Structure formats: C-alpha cells, structure tokens
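J.: Sharing a structure below in structure tokens format, with a few things to ask.
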Ligand code: HEM
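Numbering (our numbering), first residue to last: 49 to 452.
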C-alpha cells in the first residue's frame, strides 16, 4: 500500500469521521500515524475487524512488550500513550493471565449482579435530572447529567467518596486525550495509580460493602492469585474504561434522538429504550479506537501484509456504519435495526466486561430523561456541537438543551 499514512488526529475533523472516511477512501485497513508520529495500521472494515478480534491470543497480542518500535528506540520514553498501553491492566493482558484477572472481576459485572443496581441508578438519574431542571433552558446536559451519572455509579461501586471523584475524572480525561503533553500524561497516570493504591489501603483497614473490599478479600484468601499491583490495575481498568465511554454513548444517543423525532416517538411509544441504546452502540458509538494489538507473526489483514510487532488499531467507530455490512443506509440511526448484531462492545476474548452495566446506565438515563422532559431538544444546531479531543473515545464536550 503506497498511500502516505494519515496523521491522527486530523486537525478540524472529528475522530469518528476520520476512521469512517479512511474506511471509505482507503479501504478496510489503512496506514496511519498515532499522536507523536508513531506508525500504526488502522482497521476500519467490519469483516476485517471481526477477523482481527478472532485472532486475539493466537495471532495478536495486546501486551506492549510485543510492540517492537516501543523497545528499539523509535518511540521516545515520554510518548504520552505509553501511560495507557504499558500498564498492567486487563485491556492489555493476554492468555492465562488475562483470563485469571478477568475471571476475578467479571463476577461483579454479570447481567444478574448488574440488574440489582437498577434501582440505585434510577435514583441517581432522577436526582441529577432535578439539578438539570433547576438550571432551566440552556443547561449543559453533559455537565449536569450524562457526565456525572457513570462516574458516580462506578465510584459508588468501588467505594470512592464523593469528594474524591473529581480527581478521578480529571486524570482519566488526560489519559484518553490525544493532546496531553508527555509531562501531563505522566503526572495524571502516576496520580491515578497513587490514588488507587491509597484507596486500597484505606479499604484494607476500613472495609466497606463495596467492590474494592470484595477484591481485597479475594486477595487475602489466596495471596498468590491477586497481587497488590494487580488489584490496583483492576480498579484502573474498570474506572478508566467504564465512565468516559458510557457518558459519551448516552450523549451521542441524545443527539441522535433529538435529530430525528420520529425515531424518538417510536422508542417512547414502545418504551423500548434498549433499542435506542443498541442503535447508538452501532451507529453513534463512543469508542472510536482501542489500544493497539501486535501481530505475533506476519499476518494479512484484508489482503495487506502487516509485520510481526507492528501496531494494529481497531477502529470500532467505523465498524457499525460499514456499508458492506449494514447496507447503503448504514450511517442512518434507525431503531428498527435492533436485530442486527454490532461490535460496539467488541467481540471474543476482550469483549467489554462492563457491557451489562453500560447498557443498564444508558437505558435508564435515556428513559428517565425523555420521560420527564418529553420536549427536550438541543439548544444549538447539531453541526455546532464541539466534540472531545480523543482518538479513543468521543462525545460532545458540552450539550446545551432546551427543556420546555
Ligand atoms: C457504552 C459504554 C462502553 C463501551 C462502548 C465500551 C466498549 C468496549 C470495547 C469496544 C471493548 C473491547 C476493546 C478491545 O477489544 O480492544 C471494551 C473492553 C472493556 N471494557 Fe468497555 N465499554 C463501555 C463501558 C464499560 C464499562 C461501564 C466498564 C466497566 C464497568 C467497561 C470495562 C471494560 C473493560 C475492563 C474492558 C477490557 C476487557 C478485556 O480486555 O478483557 N466498559 N469496552
């Protein structure tokens, strides 16, 4: 392939548009440069992505020790993305190690366990909505509603006190943004890990009815199975992967429903908010790209040769609107498509651990919002909305709404 690699992010273009444009203009796989000029392959076609995901643990590793350029001096030691791709967290573990850690934490996120959280999530949504209504027309839905809900839910689950949640939110934002300076990224990464270590220690001496305490008990019961460091990184994975993604998905769904009142009416008449959530996961997903995978030997993706140890980024944000899979109307948000599966939460070995929780939060957030504020609409034209600066997740920075 002889095209010059596109440097991500493309100035003035939303990341989700970039991955979809590259899919349509270049094909299912394209050479790109990650922030900092680091070469990678971006996979954007639905079939090509399913092929890559099917190769997890066999053809592909997520462990950055298999990323050649990271270790041979081509990538500087202070490259900001190292904070995310070099940790010890679930997203970048392989094989038996991955299965063991995932097994320990996934028990907390089964559909049945998550369903028990529904009444509490409903109360939180109602409370936040009271605040939004008190602000009146022009209130920012991201600040008042879609932003706080997932962070409160995840922090309550792990017993993080209210006063400490703003720090978690700020550090995470820096970690997933593509324009953080190396110093900022390093500071945010270190601060989050130091905070989590302190939180674990606090719960060790002052146990509570939360998941942090639950994981400490697992650790105490069988110290060899879960090290203190692993425990800290489990919290890291769930907190970082679990709130930015959900807040942006809810906001993206609100934008889509406000843009097409027929769709909104259909969902409301049937009370089928789950259909709106699934359609948002397909066509307006918040995860644009994920951390790279590294081929363990030379592979071919959609006919293109990719060398062992190169970086392969899965462009999930392009998978759901691939016309080759979803037809010529693939971009259209259409709640009738529900029966069609999507890759919004990935597939296979690394399938999103928090999918039941994200689905629950999004369903409750949308149903509560549009039921209590039936006339809700955007206060500015959709084209004027500004989006977050991350090549990993994307959603509106600010979402001013009219309530009456
Ligand atoms: C709408 C919200 C969400 C979306 C769209 C989303 C999407 C994804 C995707 C696409 C992956 C697969 C990444 C890959 O294969 O490279 C993933 C993995 C993951 N997600 Fe989510 N996610 C969401 C919410 C959550 C929540 C709420 C949590 C935690 C409670 C969570 C925790 C995780 C974890 C820990 C992984 C790594 C799993 C593994 O590697 O085994 N996510 N997510």
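Glycine included, each C-beta is placed from N, C-alpha and C at the ideal position. Values in this document were obtained by computation on a predicted structure and should not be read as measured data.
Skipping 5 residues on each side, what residues in its chain have a beta carbon closer than 8 Å to that of residue 223?
T.: Against the chain shown, residue 223 aligns to sequence position 175. Answer for residue 223: 131, 132, 233, 236, 237, 240, 288, listed in chain order.
J.: Applying the 10 Å Cβ sphere with the 16-neighbour rule, what's the burial state of residue 398?
T.: Along the chain shown, read from residue 1 onward, the residue named residue 398 stands at position 350. It is buried - the Cβ of residue 398 has at least 16 other Cβ atoms within 10 Å.
J.: DSSP three-state call for residue 219: helix, strand or coil?
T.: Reading the chain shown from its first residue, position 171 is the one you call residue 219. Residue 219: helix per DSSP, three-state reduction.
J.: Residue 54 bridges to which residues according to DSSP?
T.: As a working mapping, residue 54 is identified with position 6 in the chain shown. Looking at the DSSP assignment, residue 54 forms a beta bridge with 80.
J.: Tell me whether residue 434 sits in a helix, a strand or coil according to DSSP, three-state version.
T.: Residue numbering aside, residue 434 sits at position 386 when the chain shown is read from its first letter. Coil, per DSSP.
J.: Using only the alpha-carbon positions, how far apart do residue 167 and residue 73 sit?
T.: Sequence index remark: in the chain shown, residue 167 carries index 119 (1-based). Sequence index remark: in the chain shown, residue 73 carries index 25 (1-based). One C-alpha to the other measures close to 46 Å.
J.: For residue 435 versus residue 448, is the C-beta spacing smaller than 8 Å?
T.: Your numbering for residue 435 matches position 387 in the chain shown. Your numbering for residue 448 matches position 400 in the chain shown. Not a contact, by the Cβ cut-off of 8 Å.
J.: Does the beta-carbon of residue 412, which I'm using as the reference point, lie nearer than 7 Å to any heavy atom of the ligand HEM?
T.: Taking the first residue of the chain shown as position 1, residue 412 is located at position 364. Not under cutoff, so the answer is no.
J.: Could you tell me which of 125, 345, 226 sits nearest to residue 63, measuring between CA atoms?
T.: Your numbering for residue 63 matches position 15 in the chain shown. Taking only the C-alpha atoms, the option nearest residue 63 is 226.
J.: Write down every uninterrupted run of the alpha helix (DSSP H) in the segment 87 to 148 whose length is 4 residues or greater and which is fully enclosed by it, in chain order.
T.: 94 to 102, 116 to 119, 130 to 133
J.: Mind checking who residue 448 pairs with in its DSSP beta bridge?
T.: Residue numbering aside, residue 448 sits at position 400 when the chain shown is read from its first letter. 188, per the DSSP bridge assignment.
J.: Name, in chain order, the residues that DSSP records as bridge partners for residue 339.
T.: Taking the first residue of the chain shown as position 1, residue 339 is located at position 291. According to DSSP, which records beta bridges pairwise, residue 339 is partnered with nothing at all.
J.: Span of the alpha helix (DSSP H) holding residue 349?
T.: Sequence index remark: in the chain shown, residue 349 carries index 301 (1-based). Per DSSP, residue 349 belongs to no alpha helix (DSSP H); it is in the beta strand (DSSP E), 347 to 349.
J.: Whether or not the segment 92 to 109 and the segment 367 to 376 are in contact is what I'm after, with contact meaning three or more pairs of Cβ atoms, one per stretch, closer than 8 Å; do they touch?
T.: These segments touch.
J.: Considering Cα atoms alone, identify which of 378, 323, 403, 209 is closest to residue 290.
T.: The residue given as residue 290 occupies position 242 in the chain shown. Residue 403 is the option with its Cα nearest to residue 290.
J.: Tell me the rounded alpha-carbon separation between residue 411 and residue 179.
T.: Position 363 of the chain shown, counting from 1, holds the residue named residue 411. Position 131 of the chain shown, counting from 1, holds the residue named residue 179. Rounded to the nearest angstrom, the two C-alpha atoms are 20 Å apart.
J.: Provide the residue span of the alpha helix (DSSP H) that contains residue 330, from first to last.
T.: The residue you call residue 330 lines up with position 282 of the chain shown. Start and end: 321 to 331.
J.: Quick one, are the C-beta atoms of residue 312 and residue 393 less than 8 Å apart?
T.: Taking the first residue of the chain shown as 1, we reach residue 312 at position 264. Taking the first residue of the chain shown as 1, we reach residue 393 at position 345. Not a contact, by the Cβ cut-off of 8 Å.
J.: Within the segment 343 to 414, note down every full beta strand (DSSP E) run reaching 3 residues or more, in order along the chain.
T.: 347 to 349, 352 to 354, 360 to 362
J.: Given this structure, state the Cα-to-Cα distance separating residue 147 from residue 425, to the nearest angstrom.
T.: Sequence index remark: in the chain shown, residue 147 carries index 99 (1-based). Sequence index remark: in the chain shown, residue 425 carries index 377 (1-based). So the alpha carbons of these two residues sit roughly 44 Å apart.
J.: Near residue 134, what residues of its chain come up, given a Cβ to Cβ distance below 6 Å and the 5 sequence neighbours on each side ignored?
T.: As a position in the chain shown, residue 134 is number 86, starting the count at 1. Result list for residue 134: 112, in chain order.
J.: Would you decide whether residue 267 is buried or exposed? Buried here means 16 or more other CB atoms lie within 10 Å of its CB.
T.: By 1-based counting over the chain shown, the position of residue 267 is 219. When all chains shown are included, residue 267 counts as buried.
J.: What does the Cβ neighbour count give for residue 260, buried or exposed, with the cut at 16 atoms within 10 Å?
T.: Working through the chain shown from its first residue, we reach residue 260 at position 212. That one is buried.
J.: What residue range does the alpha helix (DSSP H) around residue 253 cover?
T.: In the chain shown, counting from the first residue as 1, residue 253 sits at position 205. Its alpha helix (DSSP H) spans residues 230 to 253.
J.: Whose C-beta lies closer than 7 Å to the C-beta of residue 252 among residues of the same chain, with five residues either side of it excluded?
T.: In the chain shown, residue 252 corresponds to position 204, counting from 1. 264, listed in sequence order.
J.: Please classify residue 297: does DSSP put it in a helix, a strand, or coil?
T.: In the chain shown, the residue the question calls residue 297 occupies position 249. Helix.
J.: Am I right that residue 145 and residue 105 are in contact with their C-beta atoms under 8 Å? What's the rounded C-beta distance?
T.: Along the chain shown, read from residue 1 onward, the residue named residue 145 stands at position 97. Along the chain shown, read from residue 1 onward, the residue named residue 105 stands at position 57. Contact doesn't hold; Cβ gap of about 11 Å is too wide.
J.: Tell me, to the nearest whole angstrom, how far the beta carbon of residue 451 is from that of residue 302; I am working on the premise that it is less than 8 Å.
T.: Position 403 of the chain shown, counting from 1, holds the residue named residue 451. Position 254 of the chain shown, counting from 1, holds the residue named residue 302. Rounded to whole angstroms, the Cβ separation of residue 451 and residue 302 is 13 Å, and the two are not in contact under 8 Å.
J.: Report buried or exposed for residue 90, applying the criterion of at least 16 other Cβ atoms within 10 angstroms of its Cβ.
T.: Here residue 90 refers to the residue found at position 42 of the chain shown. Residue 90 is buried by the Cβ-count criterion.
J.: Have a look at 294, 430, 350, 353 and flag the residue whose alpha-carbon is nearest the alpha-carbon of residue 326.
T.: On the chain shown, position 278 is the one that residue 326 refers to. Among 294, 430, 350, 353, the Cα nearest to that of residue 326 is on 294.
J.: Going by other Cβ atoms of all chains shown within 10 Å of its Cβ, with 16 needed for buried, is residue 128 buried or exposed?
T.: Your numbering for residue 128 matches position 80 in the chain shown. Per the 10 Å Cβ criterion, buried.
J.: Check whether the segment 196 to 213 touches the segment 172 to 187, taking contact to mean three or more Cβ pairs, one atom from each stretch, closer than 8 Å.
T.: yes
J.: Since residue 441 sits in a beta bridge, which residues does DSSP pair it with?
T.: For this step, residue 441 is matched to residue 393 along the chain shown. The partner list for residue 441 (beta bridge, DSSP) reads 335.
J.: Please state whether the Cβ-Cβ distance between residue 55 and residue 75 is less than 8 Å.
T.: In the chain shown, residue 55 corresponds to position 7, counting from 1. In the chain shown, residue 75 corresponds to position 27, counting from 1. Against a cut-off of 8 Å, the Cβ pair of residue 75 and residue 55 comes out as no contact.
J.: Please determine, among 53, 52, 51, 59, the residue with the shortest C-alpha to C-alpha distance to residue 438.
T.: For the purposes of this step, residue 438 is identified with residue 390 of the chain shown, where counting begins at 1. Comparing Cα-Cα distances from residue 438 to each of 53, 52, 51, 59, the minimum goes to 59.
J.: Just to check, is the beta-carbon of residue 331 closer than 7 Å to a non-hydrogen atom of the ligand HEM?
T.: Here residue 331 refers to the residue found at position 283 of the chain shown. Shortest gap from the CB of residue 331 to any heavy atom of the ligand HEM: 7 Å or more.
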